[in-house]
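Engineer: Just so you know, our numbering puts 160 at position 131 of the sequence shown, and the rest follows in order with no gaps.
Using N, Cα and C, we set each Cβ at its ideal position, and we do this for glycine too.
Can you keep this structure in mind? I'll have questions shortly.
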Amino acid sequence: MEKNQDYKESKKVDRTLRVKRYDNIKNPVIFDRISKEVIKAEREAERKWLARYECLSREYFQKVLAEECRKAALPADTFKRKPPEDPTKCSPIPLKPSPAVPRTASAMVGWRSSRMEYNLEFTGPMYISPKWTVRSSTDIENYLAQQKFIFLG
């Protein structure tokens, strides 16, 4: 009798309820549980990150730089970033503050560049492109005198 029952139990198929992949999203309880697990895993990874990748952090890099400066007998602020320079001081174009906006119907149209000191056309150093610059007549004569042959077609 026991053999018969064991045989029947062994023949039973373990039928588990299979849930489609996207049905979990529709079920708010399962979705909430999945969200909690994801948040927990993210927090755990964030906590472990510093221990694993401390060498990539800014603080670690600053410590290494300070130690190397100390070994090389350099000042501690040797490799610190300097504050950016004011772009108006570095510009080749003289930049001045704008005057007040005039009280006219077209207040913003052309009022700045109409004054000579704020003119957009200015003289100064200019880049001369060897590819796109038009040669003067004397340069062309010298250029043609040096030419040995002509490619056709």
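#1: Please name the residue in GLU88, TYR89 and ALA105 whose C-alpha comes closest to that of ALA95.
#2: Quick check on DSSP: helix, strand or coil for PHE90?
#3: Please report the residue range of the alpha helix (DSSP H) in which LEU79 lies.
#4: Below 8 Å on the Cβ atoms is my contact criterion, and I expect GLU83 with TYR89 to pass it. Report the Cβ-Cβ distance as a whole number of Å.
#5: Beta-carbon separation of TYR147 and LYS125 under 8 Å?
#6: Which same chain residues, not among the five before or five after PHE108, have their C-beta less than 6 Å away from its C-beta?
#7: Determine the closest residue to ALA129 out of ASP115, ARG144, SER86 and LEU79, with distance taken between C-alpha atoms.
#8: Kindly indicate which three-state DSSP category LEU124 falls into: helix, strand or coil?
#9: DSSP three-state call for GLU114: helix, strand or coil?
Structural biologist: According to the structure data:
#1: ALA105
#2: helix
#3: 57-81
#4: 5 Å
#5: yes
#6: LEU94
#7: ARG144
#8: coil
#9: coil
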